Structures are given as C-alpha cells and as structure tokens.
Amino acid sequence: MAGPSSSVSVNVKITINPSYTEAFLAALKTTMDAIVAEPLNTFFEVYQHPTEPGVFKLAENWDATAEYLNDVQLKKEYYKPYYATITPMLIKAPEVELFDRMGGGWVSVRKDSYPGRE
Numbered sequence: 015m016a017g018p019s020s021s022v023s024v025n026v027k028i029t030i031n032p033s034y035t036e037a038f039l040a041a042l043k044t045t046m047d048a049i050v051a052e053p054l055n056t057f058f059e060v061y062q063h064p065t066e067p068g069v070f071k072l073a074e075n076w077d078a079t080a081e082y083l084n085d086v087q088l089k090k091e092y093y094k095p096y097y098a099t100i101t102p103m104l105i106k107a108p109e110v111e112l113f114d115r116m117g118g119g120w121v122s123v124r125k126d127s128y129p130g131r132e
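Next up, the structure:
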C-alpha cells in the first residue's frame, strides 16, 4: 500500500445557530474565495447536513504539510474577519480533522460531477 504524500485533507465540522445561516454563508464565501486562490489549495467543498440545520462540513485539500497549514496558512489575515464574524454564531467549537492524502491511485474525480469547473 502506498504511504502518505505531502498533501493533506482538512475536514471541519461547524455548528451554528441556524438563524445565522445566511450570514454564516456570506462570511464563509468571502473566506472560501481567498482560500481557493491560494496556490497550494487543490480542493474546497462545503456540505450542509440534510436533517440538522446549522451543521456544515468544510472539506479542503492542500498540497502542503500539516506544519505549513498551522505555521503559515492559518495565520493569513483573511481569517481574522471570518472568525470575528462567525464566533458569535457558533453553538459549539468547530471540530477539525486532518488526514494525510494517500499517494498513488487512491483518488478519483468525475469531471462531469463538477460542470463548468476545469
């Protein structure tokens, strides 16, 4: 089996008061746009829980190490207004999971699943 590469996946579960959904998504969109402009970011997708209002999952993939994310990426200025905006909306602290990407053939993406994205 192939070992991990220098790419990581970050999964963040965010639980907010559902009454703030629109404001949360507006703050997230601004930050998401900045994140996906980063050259080391390779994937960013947002999920919403189907039966639990206010519960979101962010999935990010990076061609970077965990150390880079902690020491460099998370210190970028555009996170400050995002966290200042969403912190009062949170019902509980975000849950963060970090995984090393498997090297070799352990990835598959169907282009037709993401129309208009090249």
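The sequence shown maps to residues 15 to 132 in this note's numbering.
All C-beta atoms, glycine included, are put in the ideal place defined by N, C-alpha and C.
In this text the structure is predicted, and so the values were computed from the model without any measurement.
Scanning the stretch 61-95 from its first residue to its last, the whole beta strand (DSSP E) runs of 3-plus residues come out as 69-76. With a threshold of 16 other beta carbon atoms within 10 Å, I105 falls short and is exposed. When the beta-carbon positions are compared, V69 and I100 stay at least 9 Å from each other.
A Cβ-Cβ contact shorter than 9 Å links N55 with E74. Around the C-beta of L72, 16 or more other C-beta atoms lie within 10 Å, and the residue is accordingly described as buried. Secondary structure at K106: coil, using DSSP grouped into helix, strand and coil.
When secondary structure is reduced to three states using DSSP, E52 falls in the coil class, being assigned neither helix nor strand. Sorting S21, A40, S33 and S127 by C-alpha distance to the C-alpha of Y97 places A40 at the top. Rounded to the nearest whole angstrom, the C-alpha separation of N84 and E91 is 14 Å.
W76 counts as buried, since at least 16 other C-beta atoms from the protein chains shown sit within 10 angstroms of its C-beta.
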